[in-house]
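Add 139 to the 1-based position in the sequence shown for my numbering, that's all there is to it.
Here a beta-carbon is modelled for each residue, glycine too, at the ideal position from N, C-alpha and C.
Quick caveat, the model's predicted, so the values are computed rather than measured.
Reading through the structure tokens given below for one structure.
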Amino acid sequence: MKIDVLIIGGGPTGLSIGYFLKKENRDFIILEREDRVGGISKSIKLNGSIFDLGGHSFHTPYQEVEEFVKSLLPLDGLERDARVLFKDTMIPYPFQKFFYLLPYSEIVRECEVGLKNKKEKYKNFSNFYEYILHTFGDGISKYFMLPYNQKLWGRNLKNISIEWVNERVAAPKGVQEEFKKDGKRRPLQPKMVVYYPRKGGFEEIFISMSKSFKDKILVNETVEYVDLKQKFVVTSKKRKIYWNLLVSTMPLIDFIDIIFGISDFEKDHLSRLSNDLEYLSLRLDFFVIRGRPYSSLQRIYSADFKIPPHKIAFNHNSSNYLKRMPNEAIIMETSFSKEKPLPEDINVKLINTLKAIKAIATESDIIYHEHQFLKYAYPVYTRKRVTALGMIRKILKNYNVFTVGRFGGWEYINSDKCIKIGMNFVKSLK
Ligand SMILES: Cc1cc2nc3c(=O)[nH]c(=O)nc-3n(C[C@H](O)[C@H](O)[C@H](O)COP(=O)(O)OP(=O)(O)OC[C@H]3O[C@@H](n4cnc5c(N)ncnc54)[C@H](O)[C@@H]3O)c2cc1C
140 MKIDVLIIGG GPTGLSIGYF LKKENRDFII LEREDRVGGI SKSIKLNGSI
190 FDLGGHSFHT PYQEVEEFVK SLLPLDGLER DARVLFKDTM IPYPFQKFFY
240 LLPYSEIVRE CEVGLKNKKE KYKNFSNFYE YILHTFGDGI SKYFMLPYNQ
290 KLWGRNLKNI SIEWVNERVA APKGVQEEFK KDGKRRPLQP KMVVYYPRKG
340 GFEEIFISMS KSFKDKILVN ETVEYVDLKQ KFVVTSKKRK IYWNLLVSTM
390 PLIDFIDIIF GISDFEKDHL SRLSNDLEYL SLRLDFFVIR GRPYSSLQRI
440 YSADFKIPPH KIAFNHNSSN YLKRMPNEAI IMETSFSKEK PLPEDINVKL
490 INTLKAIKAI ATESDIIYHE HQFLKYAYPV YTRKRVTALG MIRKILKNYN
540 VFTVGRFGGW EYINSDKCIK IGMNFVKSLK
């Protein structure tokens, strides 16, 4: 079998490429390891409740991506309700904009003073740790930004670079910023409207996207072997498929592992470069809770190390359809890494967390609980990432291989950017 464009992975990036190739009547096929499309943006149904793999909502700075997605399916736009759990109280998220609402006057004062003195005290910054002190000052850093980010990233913040922060880390109180449709991602803003499929889970966007080329998607078909020189892959079903152009959206580290047909020198070189790519994993705990404890709350963020998750998502507050569900669907996101293993008594701690946020009164309010691991959840921006990526891509391009997407391109991007990458990629082929 020979295909013009062979795509590995039926997540948002692979599907977007497929969608726009189909429009151009190009010859292509998507090989997907799982039994359905969606990748990290898929949803799961547990005990009648709908969960995503960590809290998802749709928001984009790309006008054309928003128009495209809205043309695929109806979306519900809801005002984002995110809060910070601090000791026994909750304030709106992010902490750096709303700390003044804390009922602890001494802490509020420390944050204010820190903000005032930050520029003289922390003049230069070259890593994420220094950036936090420089941008937020002592108080906000001590009470939220440093512990929260240490908890989330599970590693020394001095080893994290800062090329992503303008897109993701909200500015402190007093600094105006806006999430606009100007093609530049900005941090999510309080009370901003975010979108979600009007019916079902987040994955509905990608199920809708794939409808027009279902026949081109081969599910339950893992790519296990890639011969770069002879330009073919072998799948778990022992199918051998030749290609002119290969686009991989699978995690780049895993892709390099299954490359063959090149010299040992080149393979070793690629493997060494891939060692410079770091990632963060998540344990996702899915709880079905009796009743609806909150009518609008969507996210809680916590910097407290006694509480395992850094983020808790209330999935049934993502759309009006889900709001009508009789029970709450709570997702707890707990990151882990070599330096930050999961606590041994995590289950006890998670139940205590549910009580602390008043989602349950007693354990009997939990109707269902299970957890899953997401090995590749966040690409970590280290100083070596850009160089390693550049060199890997250059080598692969010589073989007409492109590797794109969240873990294909090792970029901290959301599904909207994945769609944009698909649009641009197909345009670049014309
Ligand atoms: C906790 C969390 C919260 C997020 N929140 C949001 C949000 O609010 N909004 C948003 O838009 N995005 C969000 N994202 C990001 C979004 O989920 C990803 O950006 C998006 O799914 C990435 O798409 P992708 O196609 O690049 O990769 P993936 O989704 O990872 O898809 C890759 C596909 O490749 C397949 N694959 C892997 N190996 C093989 C193989 N050997 N052979 C065949 N197939 C293979 C996989 O099964 C998968 O389907 C979030 C992500 C996380 C982890």
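*Pull up the distance between the alpha-carbon of L384 and that of E163, whole angstroms please.*
16 angstroms
*Where the alpha helix (DSSP H) through F352 begins and ends*: It is not in any alpha helix (DSSP H) - F352 carries neither H nor E in the DSSP assignment.
_Restricting to Cα atoms, I'd like to know which of H455, I356, K523 and P329 is closest to P231._
P329
*asked:* What residue range does the beta strand (DSSP E) around M140 cover?
replied: Careful: M140 lies outside any beta strand (DSSP E) and carries neither H nor E.
*asked:* Only counting the same chain, and skipping five residues up and downstream in sequence, which positions put a Cβ closer than 7 angstroms to that of G293?
replied: L419, S474, F475, S476, E478 and K479
*With respect to the alpha helix (DSSP H) encompassing W292, which residues constitute its N-terminal and C-terminal limits?*
L285 to W292
*Over what stretch of residues does the beta strand (DSSP E) that includes Q369 continue unbroken?*
Here Q369 belongs to no beta strand (DSSP E), and DSSP marks it neither H nor E.
*Nearest residue (CA-CA) to F426, options I470, Y243, A500 and L211*: I470
*Does the distance from the CB of I531 to the CB of F207 come in under 8 angstroms?*
no
*Quick check: the region 190–208 against the region 308–326, are there 3 or more CB pairs under 8 angstroms?*
yes
*Touch check for the region 140–158 and the region 538–548: three-plus C-beta pairs under 8 angstroms?*
yes
_Just list the residues that DSSP pairs V332 with in beta bridges._
E218
*To the nearest angstrom, report how far apart L185 and E467 are at their CA atoms.*
11 angstroms
*Under 8 angstroms, do W303 and Y520 count as touching if we go by C-beta distance?*
yes
*Using the beta-carbon count (16 or more within 10 Å), is K255 buried or exposed?*
exposed
*State the DSSP-derived secondary structure class of P151, mapped to helix, strand or coil.*
helix
_Please give the ranges of any alpha helix (DSSP H) in the region 244–273, keeping only runs that are unbroken, at least 4 residues long and fully inside the region._
244–260
_Since F399 and D191 should fall inside the 8 angstroms C-beta cutoff, what is the C-beta to C-beta distance between them, to a whole number of angstroms?_
The pair is not a contact, with the Cβ atoms about 36 angstroms apart (cut-off 8 angstroms).
*What are the residues that DSSP puts in a beta bridge with D407?*
DSSP output for D407 lists no bridge partner at all.
*Using beta-carbon positions only, say whether G178 and N454 come within less than 8 angstroms of one another.*
no
_For F267 and R524, the rounded distance between their alpha carbons_ = 15 angstroms
*Please determine, among L513, L409 and F564, the residue with the shortest C-alpha to C-alpha distance to I534.*
L409
*Mind checking whether the beta-carbon of G153 lies closer than 7 angstroms to any heavy atom of ligand 1?*
yes
*In the structure shown, what three-state DSSP assignment does H510 receive?*
strand
*Can you give me the Cβ contacts of T597 inside the same chain, cut-off strictly under 8 angstroms, excluding the 5 residues immediately before and after it?*
In this structure the chain extends from 140 to 569, so residue 597 is not present and cannot be described.
_V373 versus S413 - alpha carbon distance_ = 22 angstroms
*Less than 7 angstroms between the CB of F167 and some heavy atom of ligand 1, yes or no?*
no
*Evaluate the contact criterion for the region 375–389 versus the region 355–363: three or more CB pairs, one atom per stretch, below 8 angstroms.*
yes
*For Y517, name the three-state secondary structure that DSSP assigns.*
strand
*Name the DSSP beta bridge partners of R422, please?*
T473 and F512
*For S300, which of R522, G548 and Y538 has the nearest alpha-carbon?*
R522
*Please state whether DSSP places S554 in a helix, a strand or coil.*
helix
*With hydrogens ignored, establish whether the beta-carbon of A221 is closer than 7 angstroms to any heavy atom of ligand 1.*
no
*From the DSSP output, read off the bridge partner residues of A452.*
R438 and I470
*Relative to ligand 1, is the shortest distance from any of its heavy atoms to the C-beta of G544 smaller than 7 angstroms?*
yes
*Once you ignore the five residues that flank S387 on each side, which residues in its own chain have a CB closer than 6 angstroms to its CB?*
I147, F394, T542 and G547
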